[in-house]
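Chains as they are written, first to last, in my numbering: chain A, 251 to 713; chain B, 251 to 713.
We put the beta carbon where it would ideally sit given N, CA and C, even for glycine.
Working notes, structure below.
Quick look at the structure:
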């Protein structure tokens, strides 16, 4: 056990070892914590890096998590906090207390410190501001002034910028002597006298050129600058589209005020994809780590909305009570039409929501895609009309019930396809996130169409 | 128009200009293509970079896309191909023809060339292999030998490695003089005599140290190595968890054979999130770019599966034909119970599928999370039982129908919660992607439970 630490300094870590925060490790730590063995617990988690420790904390039961934080308190790694999900982080931050948090924040890079402090309650923020050095306080206050989820919140305020008239040699000497540079940096920015970014140079290019070469001559002229107020989702899109590794952040006057690196963007992409998936499923992002009561409450509102729409569909069915009384078989068959409509609509909606998020669906191709979806609806509508018409005919023994079902199926699938495309498009045009509301509206429409088409046709032709 | 090119060399590009591949641009290009104005079309797309051009090609109607590719053929930028979605890329690659493709591939970086060639049909691959230089052919053949979606496919084979005994000065001299180095690199790898990676140094650290310093002394000792056979999904997880910018790829013997950089991982994360969302919605990833018939066919199978499960649910309803005949109100109310079960189950399932994908749900916490979901089911089950019981009572005028509905609601929501968690867990244990199959199995279970609980209770107590 004791030589694991030295071992990790000699040989590279195999990726598999990291991916496997194995169930074994989790269960032996759990056991040690259960038995309140402080020393053994610390020994067991000693070889873990901050990201694995964060994962471990998230996997533990809340009371054991609290105990482990307590055991680790004397030398709690600030990196851990930046890796935790919001709900768990709040718990741990509260347990650590203001004093320890302030120490922690002072040791983080500015972007991580900003993210951490912005996630805290306001009174805790105030206490921490009083406990940190005034220079850091000013920096963080400035950062908090940018809108939430903006480039200004995401950016690192430490960066390397050199005047446009410098040579490679001057730049290298500066880099060797300056003592307030960030730990790692990938690009060096070239600025004009008004501190506006005019170019960037990959560090490897600086290394590979002779000392007398002018820095501006080897700078990438196609510099993409990010305004500090740009939404993080747009920043992520930009990095992905342009294969950027880092980009300069500028203020309204075009002055360089920070940089965003690709690892920050990785987190944003994770978050945004997570958000889309969760919203489509009707849950909050933090769901997994909330207590049962909290989760129940947060899911309640979505289910309640769904209840209203389900009642609406039932009211439609209620209009045909007389028809149902005469032919009970209709009650048995009607959920099939509704279910097919819901699923076909969801297929189209999923494509639309995702394509809107990745900007592959825009005003420029919306009409063309809508036309295609209508075609797909007609195509599958006809196929399933035939299938389900036959099934309904044999099951009910009445060819006319089969015919009614077939026609209802075509109508439902075509309208489901159109609705699945038009609802997300309409929502995004009004500024509502299509992922959050499309599903409920869609199922309301498909249910109402399915029930009224099927039962309405039956009322008209069968009774 | 003509001075746009020179302008872009002088001032940095504002991010907004890129994000806005504006509908204006798309529609003026569309118009020029519609009118077959070759010169005007070329002029209009001249200021666009490869990523925007790729987006534009995807937004255009297939025949206009073909026309634009034709107009651009003399100097078609190979970068464009690497940015296209698979379906569109296949079309464009076919149109360009083998000779032009071979020229294109020879100009790309090895990882992009590999990705491009692996996406082609086998006979096209063979023709291209004959047309490219033999050194490149050998490299690509080696790359294709790695499993699809593995680190070996993802990696860049050009990297910078130096012996462990070198100094910073020797390293810098080598970097200045070597002429076969990659364009950009972020880390320099340190290797032992058997070419095994023993450390890595950020380029900025090399720059900031004096020439006599030993390279091994400033190397990051905690090097994470990626085996060439590791799945790209695991690679992406690793980069996200460890905040890596680049990582060395090693063969079975631990020898350094390539590197993966974070921009490759960005694409993987996009792909994987896309895959999860699309699979949950029952569609293929390429859906947006397929022709209507193809899309229809690919969605048919999923809808067909859904039809079977819907019929299954209807068979369950059929068992209670007699009960429905006596109380038609049951037919009107039963879709509400089923709908609530489906939605509550989907909420839980979404959380489970996502948490499994991000490894936040493992064997270590599965039982705890399952217990929590059961609690949430009971909590919301009781609340909605009360609500829906009252609604059903007032609507039907019978308190006993209300009571039956309330009890059915609790049963359905609790089982929906358990099923929503256990189905993805079970699927992932058997190696099936939970995103692809959970939904169908879940709705089958919730529908069957909802209908049989509601109608069964009604049959037992009401008639």
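Closer than 8 Å to chain A by CB, residue i
{"i": "residue 710 of chain B", "result": "no"}
{"i": "residue 613 of chain B", "result": "yes"}
{"i": "residue 337 of chain B", "result": "no"}
{"i": "residue 406 of chain B", "result": "no"}
{"i": "residue 595 of chain B", "result": "no"}
{"i": "residue 622 of chain B", "result": "yes"}
{"i": "residue 694 of chain B", "result": "no"}
{"i": "residue 290 of chain B", "result": "no"}
{"i": "residue 301 of chain B", "result": "yes"}
{"i": "residue 273 of chain B", "result": "yes"}
{"i": "residue 520 of chain B", "result": "yes"}
{"i": "residue 276 of chain B", "result": "yes"}
{"i": "residue 537 of chain B", "result": "yes"}
{"i": "residue 686 of chain B", "result": "no"}
{"i": "residue 296 of chain B", "result": "no"}
{"i": "residue 259 of chain B", "result": "Residue placement at residue 259 of chain B cannot be trusted, given a pLDDT of 40 that sits under 50; the coordinates are not used to answer."}
{"i": "residue 375 of chain B", "result": "no"}
{"i": "residue 575 of chain B", "result": "yes"}
{"i": "residue 415 of chain B", "result": "no"}
{"i": "residue 409 of chain B", "result": "no"}
Chain-ordered neighbours of residue i on chain B, where CB pairs are closer than 9 Å
{"i": "residue 585 of chain A", "result": "560, 563, 564, 567, 584, 585, 588, 697 and 701"}
{"i": "residue 543 of chain A", "result": "625, 626 and 629"}
{"i": "residue 641 of chain A", "result": "557 and 561"}
{"i": "residue 706 of chain A", "result": "Those within 9 Å of residue 706 of chain A in chain B number zero; the least Cβ separation is about 15 Å."}
{"i": "residue 571 of chain A", "result": "578, 579, 581 and 582"}
Chain-ordered neighbours of residue i on chain A, where CB pairs are closer than 8 Å
{"i": "residue 457 of chain B", "result": "422, 425, 426, 453, 456 and 457"}
{"i": "residue 530 of chain B", "result": "527, 530, 531 and 600"}
{"i": "residue 638 of chain B", "result": "557"}
CB-CB length for residue i against residue j, believed under 8 Å
{"i": "residue 451 of chain B", "j": "residue 435 of chain B", "result": "Actually they do not touch by this definition, with Cβ atoms about 11 Å apart."}
{"i": "residue 564 of chain B", "j": "residue 585 of chain A", "result": "6 Å"}
{"i": "residue 402 of chain B", "j": "residue 499 of chain B", "result": "7 Å"}
{"i": "residue 549 of chain A", "j": "residue 597 of chain B", "result": "5 Å"}
{"i": "residue 669 of chain B", "j": "residue 613 of chain B", "result": "About 19 Å separates the two Cβ atoms, so there is no contact after all."}
{"i": "residue 476 of chain B", "j": "residue 457 of chain B", "result": "Actually they are not in contact, since the Cβ atoms of residue 476 of chain B and residue 457 of chain B sit about 26 Å apart, beyond 8 Å."}
{"i": "residue 666 of chain A", "j": "residue 696 of chain A", "result": "5 Å"}
{"i": "residue 543 of chain A", "j": "residue 629 of chain B", "result": "7 Å"}
{"i": "residue 664 of chain B", "j": "residue 624 of chain B", "result": "6 Å"}
8 Å Cβ cutoff, residue i in contact with chain B
{"i": "residue 252 of chain A", "result": "Note on residue 252 of chain A: pLDDT 38, under 50, position unreliable in the model; the coordinate value appears next. Closer than 8 Å: no."}
{"i": "residue 506 of chain A", "result": "no"}
{"i": "residue 604 of chain A", "result": "yes"}
{"i": "residue 286 of chain A", "result": "no"}
{"i": "residue 557 of chain A", "result": "yes"}
{"i": "residue 392 of chain A", "result": "no"}
{"i": "residue 581 of chain A", "result": "yes"}
{"i": "residue 308 of chain A", "result": "yes"}
Selected residue, minimal CA-CA separation from residue i, among the options
{"i": "residue 701 of chain A", "options": "A:562, A:608, A:301 and A:464", "result": "A:562"}
{"i": "residue 708 of chain B", "options": "B:651, B:428 and B:583", "result": "B:651"}
{"i": "residue 418 of chain B", "options": "B:570, B:296 and B:462", "result": "B:462"}
{"i": "residue 611 of chain A", "options": "B:293, B:294 and B:306", "result": "B:306"}
{"i": "residue 675 of chain A", "options": "A:478, A:318 and A:602", "result": "A:602"}
{"i": "residue 621 of chain A", "options": "B:502, B:546 and B:368", "result": "B:546"}
Identity of the residues DSSP links to residue i by a beta bridge
{"i": "residue 506 of chain B", "result": "B:500"}
{"i": "residue 470 of chain A", "result": "A:450"}
{"i": "residue 464 of chain A", "result": "A:417"}
{"i": "residue 598 of chain B", "result": "Answer is none; residue 598 of chain B lacks a bridge partner."}
{"i": "residue 438 of chain B", "result": "B:451"}
{"i": "residue 481 of chain A", "result": "A:400"}
{"i": "residue 412 of chain B", "result": "B:440"}
{"i": "residue 406 of chain B", "result": "B:509"}
Chain B contact residues for residue i, given Cβ-Cβ distances below 8 Å
{"i": "residue 618 of chain A", "result": "311"}
{"i": "residue 361 of chain A", "result": "Result: empty, since nearest Cβ-Cβ is about 12 Å, beyond 8 Å."}
{"i": "residue 549 of chain A", "result": "594, 597, 626 and 630"}
Per-residue contacts from residue i into chain A (C-beta, under 7 Å)
{"i": "residue 237 of chain B", "result": "No answer is possible for residue 237 of chain B: the residues shown for chain B start at 251 and end at 713."}
{"i": "residue 610 of chain B", "result": "308 and 538"}
Under 7 Å by beta carbon: chain B residues contacting residue i
{"i": "residue 523 of chain A", "result": "523"}
Neighbouring residues, chain A, relative to residue i (Cβ below 9 Å)
{"i": "residue 436 of chain B", "result": "434, 436, 452, 453, 454 and 495"}
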